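Chemist: I'd like to ask some things about the structure below.
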Amino acid sequence: RKFNKLLILIPLGAYFIFVILYTVTVTLENSSIDGYENVYAERNLNGHAKFNGNNTSGTNNQVLPWYFSNGTIRPNITSNKQNLLYVDGSGDRIIEQLMYVPNKYNAETAQMKKVSVYNGLSRWAQRAGSETFQVCPVAACTLIDDFADTVSVDAIVFEQPFFNFPINRNLNQVWILYLLESAPNSQSLVSYNNVFNWTATYRKDSDLVAPYAKWVYYDPQVTGKTQKTNYAKNKTKKVAWLVSNCDAINNRYEYAKKLQKHIPLDIYGECGRLRCRDEGECFKMLNDYKFYLSFENSNCRDYITEKLFRNALENNVVPIVLGARKEDYIRSAPKDSFIYAHDFNNPKDLARFLKKLDEDDDMYNSYFRWKGTGEFINTHFWCRLCALLHSTYSNKWYKDVNEWWSGPGVCD
Numbered sequence: 001r002k003f004n005k006l007l008i009l010i011p012l013g014a015y016f017i018f019v020i021l022y023t024v025t026v027t028l029e030n031s032s033i034d035g036y037e038n039v040y041a042e043r044n045l046n047g048h049a050k051f052n053g054n055n056t057s058g059t060n061n062q063v064l065p066w067y068f069s070n071g072t073i074r075p076n077i078t079s080n081k082q083n084l085l086y087v088d089g090s091g092d093r094i095i096e097q098l099m100y101v102p103n104k105y106n107a108e109t110a111q112m113k114k115v116s117v118y119n120g121l122s123r124w125a126q127r128a129g130s131e132t133f134q135v136c137p138v139a140a141c142t143l144i145d146d147f148a149d150t151v152s153v154d155a156i157v158f159e160q161p162f163f164n165f166p167i168n169r170n171l172n173q174v175w176i177l178y179l180l181e182s183a184p185n186s187q188s189l190v191s192y193n194n195v196f197n198w199t200a201t202y203r204k205d206s207d208l209v210a211p212y213a214k215w216v217y218y219d220p221q222v223t224g225k226t227q228k229t230n231y232a233k234n235k236t237k238k239v240a241w242l243v244s245n246c247d248a249i250n251n252r253y254e255y256a257k258k259l260q261k262h263i264p265l266d267i268y269g270e271c272g273r274l275r276c277r278d279e280g281e282c283f284k285m286l287n288d289y290k291f292y293l294s295f296e297n298s299n300c301r302d303y304i305t306e307k308l309f310r311n312a313l314e315n316n317v318v319p320i321v322l323g324a325r326k327e328d329y330i331r332s333a334p335k336d337s338f339i340y341a342h343d344f345n346n347p348k349d350l351a352r353f354l355k356k357l358d359e360d361d362d363m364y365n366s367y368f369r370w371k372g373t374g375e376f377i378n379t380h381f382w383c384r385l386c387a388l389l390h391s392t393y394s395n396k397w398y399k400d401v402n403e404w405w406s407g408p409g410v411c412d
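Residue numbers (full-length UniProt numbering): 1 to 412.
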C-alpha cells in the first residue's frame, strides 16, 4: 500500500515541478522584472484593452456598436455569416464575432453552455458561474471551476503549461488552444496533433483572435484629424526603452546598441543603467521622450504586444516597432502611428530620420493624427466564445497544430 501511494505521489510531484519550472521560465522571459516590462495580457471580463487613447471626444454623438466604450447598438440574429467566423473568413473576424448572434438563438430558451478552463479560473481572474457573460449579446454560458468534471462541459480552454489531459473525452466537446506567447517562447505542440478543435491566439488566422489590443475606427473613412495638441511640447529627450530580457532571439538588444551610437537612447531595466520603480513611475518618465522602442522578443507573424499599445501609444510616445511584419502593424495599429525599424537599411539611417522628426514639430505631430478617430476596444473573448458555442458550426480538428503554430514562415 505504501508503494502504491509512492507511485501516485511521484507523478504528482513531477507535475508540480514542471509547472513551477515552466512558470518561472515564462515569467523571466515576459514578466515585469522590477516593473520595466508591463505584460498587458490580463485575461479578465474586461478583455485585453483598457485604454482608449483620449479619443471618445471624436465620436460627434454618432451611435456606435456595443463594443465601443459608449456603444449602444446590439447585434440582431445573424444569418449567412458563418463563413466570416472561422479561418476561411475574409472579414474582420473579431468584429464579425462581436456582432454575431446565431440565427436559432433564443435567450430565454437557449441551453446553457458550460466552459471549463485547464489550469483553473484563477489564472484568468474569473469566477465560476455566468457573471462573465452577462454583458454578452449571447449570454447563455457559464464557467465551471471543477476540472475533474470534464465530460459534461461543452468546451475546455487549454492554456500552457500542459501536462495531463483528461482521459475521458466527450467528442462533442470543443477543445480550444489558447496562446499569448510567440511560438519560440511557447511549449512545443508536436505531441498535440488531432487534439484541438479551435485556436485562440493573437494570430489573425485563429478561430478566436485574441490580440493584446485592437484598434477600431468610429468611421473607417476617417483615419486622421487635425490635432490641437503639440505632442512634441516639453519632450526634452529622444528615445527610451524599458527592457529586462537582453537575450531575445531576434537580437533586438544588439540593434538597440547600434542605434544608441547615433542618437541618445536611454535603456531602463536589466539591460541598461537606468531604473524606474514601478509602472506608474516608468510611464511618467516616458512623458519626457519623443520615441519608444517597441521591440518584441521575437519576429513572428501578428505578434504585437503591450510594447506598442500600452507602453507607447497610450503614453503619447511615437513607437519604433520591430517584431511582426509591417503589414501586421498596419492592420493592428492606428494609421501612421508608428515607425517600422526595417524600413531603414540600418540603425544609422533610422537615427537620421528620428533626428529629422525631432527637429520638426509638424512632422512629429503627424504621428498623432489618429487621436480621436477610434478606440482600442474590448474584444470580449468570453462573449465571442459563447456565441460560437451556440452556433451550428461543426467541429474541425487541427491535424498538425505544431505546423500551424510554428511551421515555416511563421517566425523569422
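Idealized CB from N, CA, C, for every residue including glycine. These numbers come from a predicted model, not from an experiment.
Tell me the rounded alpha-carbon separation between L242 and C411.
Modeler: Taking the first residue of the sequence shown as position 1, residue 242 is located at position 242. Taking the first residue of the sequence shown as position 1, residue 411 is located at position 411. When rounded, the distance between both Cα atoms is 23 Å.
Chemist: In whole angstroms, give me the CA-to-CA distance for D278 and I156.
Modeler: Within the sequence shown, numbered from 1, the residue matching residue 278 stands at position 278. Within the sequence shown, numbered from 1, the residue matching residue 156 stands at position 156. Roughly 36 Å between the two C-alpha positions.
Chemist: Please list, in chain order, all residues of the same chain as P75 whose beta carbon is under 6 Å from its beta carbon, the five residues on each side excluded.
Modeler: What you label residue 75 is simply residue 75 of the sequence shown in a count that begins at 1. Result list for P75: M99, V101 and P137, in chain order.
Chemist: Within a Cβ cutoff of 8 Å, which residues of the same chain sit near S186, ignoring the five residues on either side of it in sequence?
Modeler: Your numbering for residue 186 matches position 186 in the sequence shown. If we look at S186 and ignore the five residues flanking it on each side, its Cβ neighbours are Q160, L179, W405 and S406.
Chemist: Rounded to whole angstroms, what is the Cα-Cα separation between P408 and V195?
Modeler: Along the sequence shown, one-based indexing puts residue 408 at 408. Along the sequence shown, one-based indexing puts residue 195 at 195. The alpha-carbon atoms of P408 and V195 are separated by roughly 21 Å.
Chemist: Return helix, strand or coil for L64, following the three-state DSSP convention.
Modeler: One-based indexing of the sequence shown puts residue 64 at position 64. If DSSP states are grouped into helix, strand and coil, L64 belongs with coil.
Chemist: Terminal residues of the continuous alpha helix (DSSP H) containing I249?
Modeler: Residue 249 sits at position 249 when you count from the first residue of the sequence shown. Segment: none, I249 is in no alpha helix (DSSP H) and carries neither H nor E.
Chemist: Taking its Cβ as the centre, do 16 or more other Cβ atoms sit within 10 Å of H342, making it buried, or is it exposed?
Modeler: Here residue 342 refers to the residue found at position 342 when the sequence shown is read from its first residue. Its Cβ having fewer than 16 others within 10 Å, H342 is exposed.
Chemist: For the region 291-300 against the region 317-333, are there 3 or more C-beta pairs whose distance is under 8 Å?
Modeler: With the cut-off at 8 Å, the region 291-300 and the region 317-333 touch.
Chemist: Who are the Cβ neighbours of K396 in its own chain at under 7 Å, not counting the five residues just before and after it?
Modeler: Translated into positions along the sequence shown, residue 396 becomes position 396. The answer, listed in chain order, is N197.
Chemist: Let me confirm a value: Q97 is counted as buried when at least 16 other C-beta atoms fall within 10 Å, else exposed. Which label applies?
Modeler: Within the sequence shown, the letter at position 97 stands for residue 97. By the neighbour-count rule (16 or more Cβ atoms within 10 Å), Q97 is buried.
Chemist: Are there 16 or more other CB atoms within 10 angstroms of the CB of K356, so buried, or fewer, so exposed?
Modeler: Numbered from 1 along the sequence shown, position 356 holds the residue referred to as residue 356. By the neighbour-count rule (16 or more Cβ atoms within 10 Å), K356 is not buried but exposed.
Chemist: Would you call the region 247-267 in contact with the region 222-236, where contact means no fewer than 3 C-beta pairs closer than 8 Å?
Modeler: no
Chemist: What are the uninterrupted segments assigned as alpha helix (DSSP H) that are 4 or more residues long and contained completely in the region 355-405, given in chain order?
Modeler: 361-365 and 381-389
Chemist: Once you ignore the five residues that flank S57 on each side, which residues in its own chain have a CB closer than 8 Å to its CB?
Modeler: Working through the sequence shown from its first residue, we reach residue 57 at position 57. With a pLDDT of only 42 at S57, under 50, the local geometry of the prediction cannot be trusted, and no value is derived from it.
Chemist: In whole angstroms, what is the alpha-carbon distance linking Q260 and V401?
Modeler: The count along the sequence shown starts at 1 and reaches residue 260 at position 260. The count along the sequence shown starts at 1 and reaches residue 401 at position 401. The straight-line gap from Cα to Cα measures roughly 40 Å.
Chemist: From F162 to L189, what distance separates their C-alpha atoms?
Modeler: Here residue 162 refers to the residue found at position 162 of the sequence shown. Here residue 189 refers to the residue found at position 189 of the sequence shown. Computed Cα separation, rounded: 10 Å.
Chemist: Along the alpha helix (DSSP H) that carries C141, what are the first and last residues, could you check?
Modeler: Position 141 of the sequence shown, counted from the first residue, corresponds to residue 141. For C141, there is no enclosing alpha helix (DSSP H); the residue is found in the beta strand (DSSP E) stretching over C141 to I144.
Chemist: With distance defined between alpha-carbon atoms, name the residue in I304, E254, C386 and V117 nearest to A183.
Modeler: Along the sequence shown, one-based indexing puts residue 183 at 183. The option with the nearest alpha carbon to A183 is I304.
Chemist: Would N320 and S337 qualify as a contact pair, given that the criterion is a beta-carbon distance under 8 Å?
Modeler: In the sequence shown, the residue the question calls residue 320 occupies position 320. In the sequence shown, the residue the question calls residue 337 occupies position 337. Note that residue 320 is Ile in the sequence shown, not Asn. Not a contact, by the Cβ cut-off of 8 Å.
Chemist: With a threshold of 8 Å on Cβ separation, who are the neighbours of D349 within its own chain once the five nearest residues in sequence on each side are excluded?
Modeler: Locating residue 349 in the sequence shown gives position 349, counting from the first residue. Correct list: empty, nothing qualifies.
Chemist: Considering only residues of the same chain and omitting the five flanking positions on each side of R369, which have a CB-CB separation below 7 Å?
Modeler: By 1-based counting over the sequence shown, the position of residue 369 is 369. These residues qualify, in order along the chain: G224, K225, Q227 and D336.
Chemist: So is N106 buried or exposed if we call it buried at 16+ other beta carbons inside 10 Å?
Modeler: Taking the sequence shown and counting its residues from 1, the one referred to as residue 106 is at position 106. Exposed, since its Cβ has fewer than 16 Cβ neighbours within 10 Å.
Chemist: Could you name the residues that DSSP lists as bridge partners for D266?
Modeler: In the sequence shown, residue 266 corresponds to position 266, counting from 1. Answer is A240.
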